[in-house]
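One structure is given below, encoded as structure tokens.
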Amino acid sequence: MGVNNIRIVKNGPILADGPVDITLPDGSHVQSDRFVVAICTCRRSASYPLCDTSHRRKGPSA
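Each step along the sequence shown adds one to the number in my numbering, with nothing skipped, and position 18 is 17.
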């Protein structure tokens, strides 16, 4: 398996080259086959752990 590029965006999501398989704390998985996957860091996303750009509408988190 190759190395995926991951970028951290200030006041935004983590961007990962896809596809990705994200393991949540409860052991469940979220998969995305997008070319670039935005992973939420503000926890405001309605589709958490995937980013839905809620951070843009509600300002930076504390």
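Just so you know, even glycine gets a beta-carbon here, dropped at the ideal spot from N, CA and C.
In the three-state reduction of the DSSP assignment, R56 falls in the helix class. When DSSP states are grouped into helix, strand and coil, T40 belongs to the coil group. Rounded to the nearest whole angstrom, the C-alpha separation of G11 and I5 is 13 Å. S27 and V19 do not touch by the CB rule: their CB atoms are close to 14 Å apart, not below 8 Å. Here D25 carries a coil assignment [DSSP, helix/strand/coil]. When rounded, the separation of the alpha-carbon atoms in G17 and L49 is 12 Å.
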